[in-house]
Amino acid sequence: MECVQLKELKYLPQAWKKGTDFLGTRHAIMCGAMTWVSEANLVSAISNEGGFGVLAGGNMPPETLAKEIAKTREKTRKPFGVNLITVAPSFKQQVEIVVRERCPFVFFAGSIPSGRDIAEVKAAGLNVVCFAPVLALARRLIKQGVDALVIEGNEAGGHIGPVATSVLAQEFLLNVTEVPVFVAGGIGTGEIIAQYLSLGAAGVQLGTRFVAAEECVAHPRFKEAFVRASARDAMPTTQFDSSLPTIPVRAIVNEGTKDFNRLQFELLGKVKSGEMPREEAQVKLEEFWVGALRRAVIEGDVEHGSLMAGQSVAFVKKIQPVREILEDLVTGAEAALARMAGDGGGGVMFRIIPRDQEFFVLFQKASENIVEGAERLKDLLEQFDDLRERVRAIEEVEHKGDTLTHDIIKKLNTSFVTPIDREDILALASSLDDVIDLIEAAATRMLLFKVTEATPHAKELGFLILKCVQELHKGITHLPSSKGRDHVYEHCVEVNSLENEADRVCRDAIAYLFEHEKDPITILKWKEIYETLETATDRCEDAANVLEGVALKNA
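So in my numbering, the last one in the sequence shown is 588, and the numbering has no gaps at all.
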């Protein structure tokens, strides 16, 4: 029986649904791949308890990796992944193994994988997960077909980058919606998991807490070192001078760390004096740690071995079963989400909604503004007197729409918890902005083209635009209320019907134009005006589709 039954959870199933759907697990908690630690016993235990274990391929010979995969499958039928280091000596052969063994999830770490490596794994029908330290790389990986991303802050154990998890989360989770994004680095409690989920994370990855699991094969002295350590004991190695670059590694400070610092200082002096080339000094620094992790994990040499650990080691209080670790994380996250929702425990519907409801207020203002723009357009089409002034009035409405869209995006970028999915907020704001832009564009074209009178078809399209935006506004008004969701559907259906009618009117208008109008310039002018007006109803339909999806998700 898995650690926390799904029926006991109100908030987490929806909060990390993107992650659990992707992984095929009950909980979107992945165990980071740790060399010598993340082997079949720990990986299978985590997967069996509803999490997601990840084998550490590291420098394993290919056939050893194949045996470890087989051993894991003997112990669990639940999903798990395999982490491969792209700079490992036998990396290419390891890729062949995971493809041959059809491991559903392949993690690429260590450096940027090539497009060919990603394509090879994808061609086999497997999922590819990559680490992205910067947003530009994330965009590139997504274009290459990566299925999910992990962002790892420098609070993590082992080799680390320069940026904190909280900063990476704000940068990525507010901008990447195409694929699931899992947050890693310093994850030690359910409370912090809830915070990242509410910001948009699909789930989390952590390793340090699982080191102290009973099912972990690490030496008892290695585990006890984690239990005794505080966050301040897990420190990154220091680069003393840019003349001798080193990759920072976060680990619990011990005698080995001090020996490494002394060696680095000695080698730095030789490099600066010209006694030793920088490249040779770097090799000697790397050689210092060769085998150090194995000595610590397997042999229990906690004085001179490498005790790679994240700062979340502060939350390792005892050696305990995987089941208890996951239960602690899950119940903590569930309780935190309940507090965010203002639920004392009696609520029955998943709702993490800010009390001020400001997003809904902004959307209502935006839709009201569009209705005003559509009314002004309809009046313009009915009466062409003082055309320039009428167009100017519509332009003012469009400028107000731009400001409202900016306010929505600004609030999205500064909100930790949103009432609806972030991608839906962006899509709805964009569609509404497009509608008022097109209304303004149609009016401006009539002024630029020196149109003196609107055609009956143009008037009919103007009327349909007004009806569309009125229905949209009604749907948006009902959105905040769960009781009003059925009305949202009704208004969305009406928008779709009006858009179909606008399509017909536009086709008839263009056909009539080509049949009866002799002046080619006039034909071009009115064709562009008709198509601009009709496109405005298309964007109304786009907004209605977003509304319908939001209502369905929150039903």
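Glycine included, C-beta positions come from ideal geometry on N, C-alpha and C.
Inset, instruction - Entirely within the region 41–104 and at least 3 residues each: give me those beta strand (DSSP E) ranges in chain order. - result: If we require 3 residues or more, the beta strand (DSSP E) runs fully inside the region 41–104 come out as 62–64 and 86–89.
**OP:** Apply the 10 Å Cβ neighbour rule to Thr555 and answer buried if 16 or more other Cβ atoms are within range, or exposed otherwise.
**Re:** The sequence position of residue 555 within the sequence shown is 522, counting from 1. Its Cβ having fewer than 16 others within 10 Å, Thr555 is exposed.
Cα-Cα separation between Glu486 and Leu414, rounded to whole angstroms
Here residue 486 refers to the residue found at position 453 when the sequence shown is read from its first residue. Here residue 414 refers to the residue found at position 381 when the sequence shown is read from its first residue. Distance between the alpha carbons of Glu486 and Leu414 is about 8 Å.
Could you tell me if Glu581 is buried or exposed, where buried requires 16 or more neighbouring beta carbons within 10 angstroms of its beta carbon?
For the purposes of this step, residue 581 is taken as the residue at position 548 of the sequence shown. Buried: at least 16 other Cβ atoms inside 10 Å.
- Item | Distance, Glu567 Cα to Met479 Cα | Along the sequence shown, read from residue 1 onward, the residue named residue 479 stands at position 446. Along the sequence shown, read from residue 1 onward, the residue named residue 567 stands at position 534. Cα to Cα, Met479 sits roughly 15 Å from Glu567.
key: 7 Å CB neighbourhood of His506 in its chain, flanking five on each side removed   = The residue labelled residue 506 in the question sits at position 473 within the sequence shown. For His506, where only same-chain residues beyond five positions count, the Cβ hits under 7 Å are Ser400, Glu401 and Val404.
(Q) Applying the 10 Å Cβ sphere with the 16-neighbour rule, what's the burial state of Ala202? (A) In the sequence shown, counting from the first residue as 1, residue 202 sits at position 169. Ala202 comes out buried.
Suppose only complete runs of 3+ residues qualify. What are the beta strand (DSSP E) ranges in the region 167–202, listed by chain order?
181–185
Margin query: Does the region 416–429 come into contact with the region 459–466, if we say contact requires no fewer than three beta-carbon pairs (one atom in each stretch) closer than 8 Å?
Written below: no
Review point. Along the chain, where does the beta strand (DSSP E) that runs through Ile118 open and close?
Key: Here residue 118 is taken as the residue at index 85 of the sequence shown, counted from 1. Looking at the DSSP string, the run of the beta strand (DSSP E) that includes Ile118 is Phe113 to Ile118.
Margin query: Using C-beta distances below 6 Å, list every residue in its chain close to Glu336, excluding the 5 sequence neighbours before and after it, in chain order.
Written below: Residue mapping note: residue 336 aligns to position 303 of the sequence shown, counting from 1. Residues Asn287 and Glu288 of the same chain have their beta carbon placed closer than 6 Å to that of Glu336, with the five preceding and five following residues left out of the count.
Classify Val430 as buried or exposed, calling it buried when 16 or more other Cβ atoms lie within 10 Å of its own Cβ.
-> In the sequence shown, the residue the question calls residue 430 occupies position 397. When all chains shown are included, Val430 counts as buried.
Notebook entry, point to check: Do you know how far the Cα of Ala475 is from the Cα of Ile562?
Noted result: Taking the first residue of the sequence shown as position 1, residue 562 is located at position 529. Taking the first residue of the sequence shown as position 1, residue 475 is located at position 442. Spanning the two alpha carbons is a distance of roughly 6 Å.
Review point. Just the Cα atoms here: how many angstroms apart are Gln47 and Ile427?
Key: In the sequence shown, the residue the question calls residue 47 occupies position 14. In the sequence shown, the residue the question calls residue 427 occupies position 394. Gln47 and Ile427: Cα-Cα distance of roughly 42 Å.
Buried or exposed for Glu456, please, with buried defined as at least 16 other CB atoms from any protein chain shown within 10 angstroms of its CB.
By 1-based counting over the sequence shown, the position of residue 456 is 423. Flag for Glu456 reads exposed.
Discussion item. Buried or exposed for Lys350, going by 16 or more other Cβ atoms inside 10 Å?
Written reply: Taking the first residue of the sequence shown as position 1, residue 350 is located at position 317. When all chains shown are included, Lys350 counts as exposed.
| field | Residues near Gly218 in its chain [Cβ-Cβ closer than 6 Å; skip 5 each side] | value | Here residue 218 refers to the residue found at position 185 of the sequence shown. Hits under 6 Å: Glu185, Gly186, Glu188, Ala189 and Thr198.
Any idea if Gln127 is buried or exposed, counting beta-carbon neighbours within 10 angstroms, 16 or more meaning buried?
Counted from its first residue, the sequence shown places residue 127 at position 94. Per the 10 Å Cβ criterion, buried.
* Would you tell me roughly how many angstroms separate the C-alpha atoms of Lys662 and Ala584, rounded to the nearest one? => Residue numbering for the chain in the displayed model covers 34 to 588; residue 662 lies beyond these limits and cannot be assessed.
- Message: Is it buried or exposed, Leu557, if we count other Cβ atoms within 10 angstroms and call 16 or more buried?
- Response: The sequence position of residue 557 within the sequence shown is 524, counting from 1. Classification of Leu557: exposed, given that the 10 Å Cβ count is below 16.
Open item on the list: Helix, strand or coil, according to DSSP, for Gly33 in the structure here?
Closed with: As displayed, the chain neither begins before 34 nor continues past 588, which places residue 33 out of reach and without an answer.
ask   = Out of curiosity, what's the CA-to-CA distance linking Val29 and Arg572?
value = The first residue shown for the chain is 34 and the last is 588, placing residue 29 beyond what the model contains.
- Going by the CB atoms, is the gap between Ile469 and Thr434 shorter than 7 Å? To locate residue 434, count along the sequence shown from 1; it is residue 401. To locate residue 469, count along the sequence shown from 1; it is residue 436. Reading off the sequence, residue 434 comes out as Gly, not Thr. The answer is yes: Cβ separation under 7 Å.
Original post:
Going straight from the alpha carbon of Ala548 to that of His520, what length do you get?
Top reply: As a working note, residue 548 is residue 515 in the sequence shown. As a working note, residue 520 is residue 487 in the sequence shown. Strictly speaking, residue 548 in this sequence is Glu, with Ala absent from that position. The straight-line gap from Cα to Cα measures roughly 42 Å.
**Cβ separation of Thr105 and Val76, assumed to be a contact under 8 Å, to the nearest whole Å** = Taking the sequence shown and counting its residues from 1, the one referred to as residue 105 is at position 72. Taking the sequence shown and counting its residues from 1, the one referred to as residue 76 is at position 43. That pair is a contact at about 5 Å.
If you follow the beta strand (DSSP E) that Arg283 is part of, which residue opens it and which one closes it? Counting from one through the sequence shown, the residue named residue 283 turns up at place 250. Val282 to Ile285 is the extent of the beta strand (DSSP E) around Arg283.
(Q) Going by DSSP, what residue range makes up the beta strand (DSSP E) through Met341? (A) Reading the sequence shown from its first residue, position 308 is the one you call residue 341. No beta strand (DSSP E) contains Met341, which DSSP labels as neither H nor E.
Own chain residues within Cβ distance below 6 Å of Phe509, not counting five before or after
On the sequence shown, position 476 is the one that residue 509 refers to. A quick correction: the sequence has Ile, not Phe, at residue 509. These residues qualify, in order along the chain: Phe396, Gln397 and Ser400.
Review point. When the distance is taken between beta carbons, is Ile358 closer than 7 Å to Lys256?
Key: Along the sequence shown, read from residue 1 onward, the residue named residue 256 stands at position 223. Along the sequence shown, read from residue 1 onward, the residue named residue 358 stands at position 325. No, the Cβ-Cβ distance between Lys256 and Ile358 is not below 7 Å.
Sub-7 Å separation of Glu527 and Glu493 beta-carbons:
As a first step, residue 527 must be located in the sequence shown, where it is residue number 494. As a first step, residue 493 must be located in the sequence shown, where it is residue number 460. Against a cut-off of 7 Å, the Cβ pair of Glu493 and Glu527 comes out as no contact.
Inter-residue Cα distance where the pair is Gly90 and Glu308: Position 57 of the sequence shown, counted from the start, is the residue given in the question as residue 90. Position 275 of the sequence shown, counted from the start, is the residue given in the question as residue 308. Looking at the two C-alpha atoms, the distance is approximately 38 Å.
Environment of Asn116 [buried if 16+ CB atoms lie within 10 Å]
For the purposes of this step, residue 116 is taken as the residue at position 83 of the sequence shown. Under this definition Asn116 is a buried residue.
### Query
So Gly223 packs on Leu362, CB below 8 Å; how close in whole Å?
One-based indexing of the sequence shown puts residue 223 at position 190. One-based indexing of the sequence shown puts residue 362 at position 329. In this structure, Gly223 and Leu362 form a Cβ contact; the two beta carbons are roughly 5 Å apart against a cut-off of 8 Å.
- Item | First through last residue of the alpha helix (DSSP H) which encompasses Phe298 | Looking up residue 298 in the sequence shown gives position 265. Going by DSSP, Phe298 is part of the alpha helix (DSSP H) stretching over Glu288 to Ser306.
Quick one: what's got a C-beta closer than 8 Å to Gly333's C-beta in the same chain, skipping five residues either side? Position 300 of the sequence shown holds residue 333. Only His252, Pro253, Arg254 and Phe255 meet the Cβ criterion.
Could you spell out where the alpha helix (DSSP H) holding Asn446 opens and where it closes?
-> Position 413 of the sequence shown, counted from the start, is the residue given in the question as residue 446. Taken as a continuous stretch (DSSP letters only), the alpha helix (DSSP H) holding Asn446 covers Leu420 to Thr447.
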